[in-house]
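First the structure, in the form of structure tokens, and then the observations on it.
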Ligand SMILES: Nc1ncnc2c1ncn2[C@@H]1O[C@H](COP(=O)(O)OP(=O)(O)OP(=O)(O)O)[C@@H](O)[C@H]1O
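Residue numbers (UniProt numbering): 1 to 754.
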């Protein structure tokens, strides 16, 4: 009997992959060693005519058959291959070589034909994997068309390869938007095309105000609420400058200069990566804009970054790594001294908190003109160096200290002589920025409101020891909400992430002690459009600034923010770019006063001091019955989490001490060591005892706790009102009724009225 194969549109992609594999494992050109086994693509399939009634069948593209073959399995046992039946003519089952065969794939061989091996495609010419499938499908289609076209005149050899109707169809696709609202800003066609493709139809307020000022050559200090589009407010003028400069160079048929034209400093690695992505998107969507970005952040290969820097047009990085690379010498500082733009993003954070020293070093190096600094410089060059800096300095944030704002806005005087005493003040550092204009243009697009318009702010009061319980309850109230939970410590991030995972919630961690790759992975997983819409990222304030993750619906402050600015930035991770979002502080009674003060400060009218009468945060009432029903789950999950963390900690300490004792050639006894260290008494002794206790839970006990928790999570928690249930995970009843989601559905909560 003959073999048949059916193809539908979905299966085609998979099949083409399989066939490619099969073809690879097919016969070699040296016929003597050929065992007669061939791949699916080598066979001379013939099309089966469909009965009339099936002609309109959608998705079913064709049925093909072949006679005279046996199916064999590849040596691994997985792949289906074919062999001529006993007595059948091998030649008769093989496909004839196609005129369109370009040598990329082996197209079958008949006895005694060429002994030439297929030509390998050089790696540089190889198509990216993504395009491979498309190309193959096109080739198959083409091969079928060959016969029909044989009667037609030969193709014009001058036609460019790759220009096919299919290509034209793709090129003709116009998915851009109307960008006439940007006209007034006088941008180049390249940038307008990019904005159109990015579907940014209108400039945001900060972009409207800042772009013309920057294009006019001014130094700018820009203040605008979180998520208002500050990145492109400086990114667009930088790219405009690049295009203009490149255009001129091309006219003069000069080779484009490879020195960087912009340095953008960011306080965190994640923000630096994101800035590179935003500006990179602007560049890649602008036709022929080939500006290169070097991303200099800690935790990743320094050598690779040094290489990137050698050809970069725009340098984006965190101050520590930027300084680490620049200070290695090799003329990099000198290269960077020619930059046209220095951007200080999230300036209030960047110019304080630990970054101060490196920023000061970088600024000092950019402006250094000491004699003998550059021994290879001739007099003419030195004279040129003396000329005033052409660098524009752009400083951005959503928050600036009130006093500084007043000064920037010209409403109060700059501090005079005592500035050197306040070395760490923002004011001191702003002076250090060495603006080329006496006073930078201060653009405050929304002097009254720091918070995004679509943001709702709430507060949940609960006993200090019950924050876990309330956090969990709150998360249950918001199923399918991508949530960012902020804490004030790394250990809290670790504990909460594990706790939530034990409660079967999709939680990820982000803190500065994680390896850089793990940090990026967490952000990527959390922000991926294909990730669980209920994803939770538990983070320290390393995620508070600038992170632009689409679709964060809710920010929860597990620990109250320490400053008003931190509150603004944390909350600003939601309700971005005109979207809506919620920010909720979980607050112990003893924190209420300070939180109220903080909120009042954020919402105080600009310039007007004094308390705001009404607390601007809405108080959320979480049903106490809900809280009490999930208490057992939390207690179990806490026990499991504490035990796992304590075991890990003690085992890490123990391993370290054991290794040290081994090095010293002494015996190590952990009990004895604890006693000699006085652990269990005095300060920290209670915590140590707790850890010991938690770690002493046996494997069997732990398994028992897990089983009990699993059981709890699988139970419907009826809170007394019909159809009101809690769920183990945060699962949407409607989705489940539609047959989506997993089977652990247990019920649904009425939404919180917030
Ligand atoms: N003109 C525009 N139209 C629509 N969306 C825009 C526009 N400009 C920027 N965006 C989008 O708005 C989002 C927020 O932008 P961006 O990250 O630059 O905000 P930001 O003001 O720097 O925020 P933060 O203060 O938190 O750092 C991004 O996703 C960006 O792609």
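C-beta atoms are modelled at their ideal positions from N, C-alpha and C, and glycine is treated no differently.
Since the structure is predicted, the reported quantities are computational estimates derived from the model, not experimental observations.
Which value, in whole angstroms, describes the spacing of the CA atoms of residue i and residue j?
| i | j | result |
| --- | --- | --- |
| residue 506 | residue 500 | 7 Å |
| residue 635 | residue 702 | 13 Å |
| residue 234 | residue 242 | 13 Å |
| residue 281 | residue 201 | 16 Å |
| residue 398 | residue 344 | 12 Å |
| residue 454 | residue 515 | 34 Å |
| residue 587 | residue 643 | 26 Å |
| residue 213 | residue 590 | 47 Å |
| residue 752 | residue 194 | 41 Å |
| residue 755 | residue 498 | Since the displayed the chain opens at 1 and closes at 754, residue 755 lies outside it and no answer follows. |
| residue 215 | residue 356 | 29 Å |
| residue 120 | residue 523 | Residue placement at residue 120 is flagged as unreliable, the pLDDT there being 31, under the threshold of 50; the coordinate-derived value follows with that caveat. Each residue's Cα considered, the two are about 39 Å apart. |
| residue 358 | residue 704 | 52 Å |
| residue 444 | residue 208 | 12 Å |
| residue 707 | residue 316 | 49 Å |
| residue 529 | residue 520 | 15 Å |
| residue 715 | residue 319 | 51 Å |
| residue 67 | residue 478 | 60 Å |
Going by the CB atoms, is the gap between residue j and residue i shorter than 8 Å?
| i | j | result |
| --- | --- | --- |
| residue 230 | residue 206 | yes |
| residue 363 | residue 439 | no |
| residue 187 | residue 240 | yes |
| residue 534 | residue 480 | yes |
| residue 265 | residue 350 | yes |
| residue 314 | residue 279 | yes |
| residue 341 | residue 394 | yes |
| residue 348 | residue 434 | no |
| residue 620 | residue 442 | no |
| residue 191 | residue 236 | yes |
Please list, in chain order, all residues of the same chain as residue i whose beta carbon is under 8 Å from its beta carbon, the five residues on each side excluded.
| i | result |
| --- | --- |
| residue 539 | 484, 485, 486, 487, 493, 509, 510, 511 |
| residue 490 | 511, 512, 513, 540 |
| residue 469 | 462, 627, 630, 631, 634 |
| residue 595 | 459, 560, 585, 587, 617 |
Go through its chain and collect everything with a Cβ distance to residue i's Cβ below 6 Å, but skip five positions before and after it.
| i | result |
| --- | --- |
| residue 546 | 271, 346 |
| residue 569 | 544, 545 |
| residue 259 | 335, 338 |
| residue 549 | 527 |
| residue 599 | 616, 617 |
| residue 531 | 525 |
| residue 577 | 227 |
| residue 457 | 583, 617 |
| residue 321 | 296, 297, 298 |
| residue 309 | 294 |
Note the first and the last residue of the continuous beta strand (DSSP E) segment covering residue i.
| i | result |
| --- | --- |
| residue 548 | Taken as a continuous stretch (DSSP letters only), residue 548 belongs to no beta strand (DSSP E), as it is neither H nor E. |
| residue 42 | First-last for residue 42: undefined, no H or E at that position. |
| residue 397 | 392–397 |
| residue 581 | 581–587 |
| residue 595 | Counting along the chain, residue 595 falls outside any beta strand (DSSP E), though it belongs to the alpha helix (DSSP H) covering 592–603. |
| residue 486 | 483–486 |
| residue 461 | 455–461 |
| residue 542 | No beta strand (DSSP E) contains residue 542, which DSSP labels as neither H nor E. |
| residue 223 | 220–223 |
Can you check which of these residues, the options, is closest to residue i by C-alpha distance?
| i | options | result |
| --- | --- | --- |
| residue 400 | 602, 514, 363, 197 | 602 |
| residue 452 | 692, 582, 660 | 582 |
| residue 275 | 246, 261, 297 | 297 |
| residue 592 | 459, 303, 312 | 459 |
| residue 696 | 639, 715, 709 | 639 |
| residue 323 | 361, 310, 648 | 361 |
| residue 312 | 291, 300, 247 | 291 |
| residue 176 | 222, 237, 285 | 285 |
| residue 565 | 529, 552, 604 | 604 |
| residue 688 | 647, 667, 261 | 647 |
| residue 552 | 482, 464, 358, 329 | 482 |
| residue 221 | 392, 517, 625 | 392 |
| residue 219 | 199, 317, 437 | 437 |
| residue 476 | 289, 464, 450, 556 | 556 |
| residue 637 | 657, 579, 504, 542 | 504 |
The alpha helix (DSSP H) with residue i in it runs from where to where?
| i | result |
| --- | --- |
| residue 361 | 356–367 |
| residue 523 | 516–527 |
Short of 7 Å in beta carbon distance, which residues of its chain neighbour residue i, apart from the five on each side in sequence? Order them along the chain.
| i | result |
| --- | --- |
| residue 77 | Any reading at residue 77 needs caution, since the residue's pLDDT is 48, under 50, leaving its predicted position unreliable; the model's value is listed next. Within the same chain, residue 77 has no close Cβ partners at all. |
| residue 306 | 325 |
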